[in-house]
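Under full-length UniProt numbering, the first residue of the sequence shown carries the number 1, and numbering increases by one thereafter.
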Amino acid sequence: MGVFAISLLSQTVCLYFTFFSLGIALGVLFSFKIFTKKLSRQHEIIRDLEHSKAILQMSLDTRRSQEQLMEEFSHKLTSVSQAFARDMKTESQEFFSEKTQAITSVLAPVHNTLSAFKQNLENFETKQAEDRGALKEQLSQLLTAEQKLERETQALTNILKHPGSRGRWGEIQLERILEISGMLKYCDYSTQTVDSSESSSRADIVIRLPQNRSLVIDAKTPFSEEYLTDNHADPTDLVKKIKDHIKTLKTKSYWDKFEQSPEFVILFLPGESLFNDAIRCAPELMDYAGQSNVILSSPVTLMALLKTVTHVWKQENLQNQIREIGQLGKDLYQRMHKLFDHFHKVGKHLGQAVHSYNDMSSSLSARVLPILRTFDKLELSSSHNKIEALSQVSTLPHSPKVPYPENDLAECLSPEASYLKPPSSNQ
């Protein structure tokens, strides 16, 4: 389409140039016609003059007196003719020079436009060739990727033709969603778990919940080979296989065999298209599964459920930390209570020591100090230091005060506090 537009534009420019040149040629022809008309008029004048000359020449034969006049007239006619010829030549040269310059000035923009158009056309062709090469390379890469995708699709189709491979593929898809949801194998969930009962039922995935509870997930890939290979296959067979598996899960009763498991099991369909086709074909399928204690789940809904489980674990860890902090506060209170008892005992003994000190000080001051001062008066001691009287201790130790009532603190840190109790099993 671009090449056709460029070709049409070039033809239009050429046609315009042809009409323009034809107009210029007609103008030159019209000017030349005027010039020719003037020249013919001059020739007529010359012929008239020559005719007059002939008449005069005939008159000169009879009138020789007029020879000098005729000769002067002849010279005059010759000079006039030569001057006229020179003037006409000069005017013709100037006329053609002006017209040539005018034509050149008019054609110069057209020439420049055509040169630019030619350059743009060459650049366009070069760019178009490069684009064709790049497009060819991209098409080659796309063809290679399509062939690779076709081979991988065919390989996956061949693998999924076997029921065991389809089941394993569903389990792999389930484990991948668990990893994306941030769950760790053997920590948050386990695979192929066998219950402790005599039936030894094997669950695909068992999710660990708080308070030693568990959630059972069963991965099922209930499509046949025809559903896999035919894009217009009837999903009725898919719905039938899902219902058969729901009956099987109801018979297994995982919720009775795994300790503290909810009374339902999740049936995981490893593909949104499987889930949508089944619900579109049988809208009552969800109710049918719910009556059998089975919940159908697609990858999106399962991921939302696993995110909820992760949030529940975070809340459980937060509750455990709160209970641990409460227990530490209780232990701290008991130890501080014991420490306060020791403080009271120390204060009591310090008070007794102060009373004993004051009694001893009074006894020394009343009974011993007078005798020692008598020795000072007799100058029996070589020391010039006098014995001073002992001072009484008037400050008694104070008992430490609790900033809030002791009963309130004991009630807050008692084992019966609501936030220190684990949630009940029926919550």
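Cβ atoms here follow ideal geometry from the backbone N, Cα and C, with glycine treated the same way.
Using CA coordinates, which residue listed in the options is at the minimum distance from residue i?
{"i": "S292", "options": "I246, M88, Q327", "result": "I246"}
{"i": "L274", "options": "A289, I242, L174, F117", "result": "I242"}
{"i": "P262", "options": "E94, Y254, L269", "result": "Y254"}
{"i": "D204", "options": "L269, D277, I180", "result": "L269"}
{"i": "I177", "options": "L139, L339, E125, V300", "result": "V300"}
{"i": "S391", "options": "S181, F375, L364", "result": "L364"}
{"i": "S303", "options": "S52, L39, I180, L139", "result": "First, the amino acid is wrong: residue 303 is Met here, not Ser. Here the closest residue by C-alpha is I180."}
{"i": "K220", "options": "T78, K345, I172", "result": "I172"}
{"i": "A289", "options": "L39, A353, T248", "result": "T248"}
{"i": "D277", "options": "L139, H51, D237", "result": "D237"}
{"i": "K76", "options": "L49, G347, Q119", "result": "L49"}
{"i": "S214", "options": "V309, T36, N123", "result": "V309"}
{"i": "L107", "options": "T126, L22, E137", "result": "L22"}
{"i": "T12", "options": "M58, T36, V110", "result": "V110"}
{"i": "L39", "options": "R86, A366, E284, L285", "result": "R86"}
Report back the beta-carbon spacing between residue i and residue j to the nearest angstrom; my notes put them in contact at under 8 Å.
{"i": "M183", "j": "L306", "result": "6 Å"}
{"i": "S190", "j": "V206", "result": "5 Å"}
{"i": "L267", "j": "S298", "result": "Incorrect: roughly 10 Å between the Cβ atoms, too far for contact."}
{"i": "D188", "j": "V265", "result": "Contact flag wrong, Cβ pair sits at about 18 Å."}
{"i": "S81", "j": "I46", "result": "6 Å"}
{"i": "K103", "j": "I34", "result": "Here residue 103 turns out to be Ile, not Lys, going by the sequence shown. With 8 Å as the limit, I103 and I34 do not qualify as a contact, their Cβ atoms being about 18 Å apart."}
{"i": "V294", "j": "K250", "result": "7 Å"}
Excluding sequence positions up to five away, which residues of its chain have a Cβ less than 8 Å from the Cβ of residue i?
{"i": "V312", "result": "L209, P210"}
{"i": "T18", "result": "none"}
{"i": "S74", "result": "K53"}
{"i": "F84", "result": "Q42"}
{"i": "Y404", "result": "In this prediction, Y404 scores a pLDDT of 48, lower than 50, which makes its location untrustworthy; the coordinate-derived value is nonetheless stated afterwards. So no residue of the chain qualifies."}
{"i": "R280", "result": "P235"}
Note down, in chain order, each residue of its chain lying with its Cβ closer than 7 Å to the Cβ of residue i, except the 5 sequence neighbours on either side.
{"i": "A282", "result": "V239"}
{"i": "H337", "result": "none"}
{"i": "E98", "result": "none"}
{"i": "E316", "result": "P210"}
{"i": "T374", "result": "none"}
{"i": "V126", "result": "The question names Val, but residue 126 is Thr in the sequence shown. Hits under 7 Å: none found."}
With a threshold of 6 Å on Cβ separation, who are the neighbours of residue i within its own chain once the five nearest residues in sequence on each side are excluded?
{"i": "L29", "result": "none"}
Checklist entry - Can you list the alpha helix (DSSP H) stretches of 4 or more residues lying completely in the region 249-298, in chain order? => result Taken in chain order, the whole alpha helix (DSSP H) runs of length 4 or more contained in the region 249-298 are 254-257, 272-281, 285-291.
Can we say the region 76-95 touches the region 104-118, given the rule of at least three CB pairs closer than 8 Å?
For the pair of segments examined, the region 76-95 was found not to touch the region 104-118: the number of CB pairs separated by less than 8 Å stays below three.
| message | At 3 residues or longer, what runs of the beta strand (DSSP E) sit wholly inside the region 324-348? | response | Complete beta strand (DSSP E) runs here, min 3: none at all.
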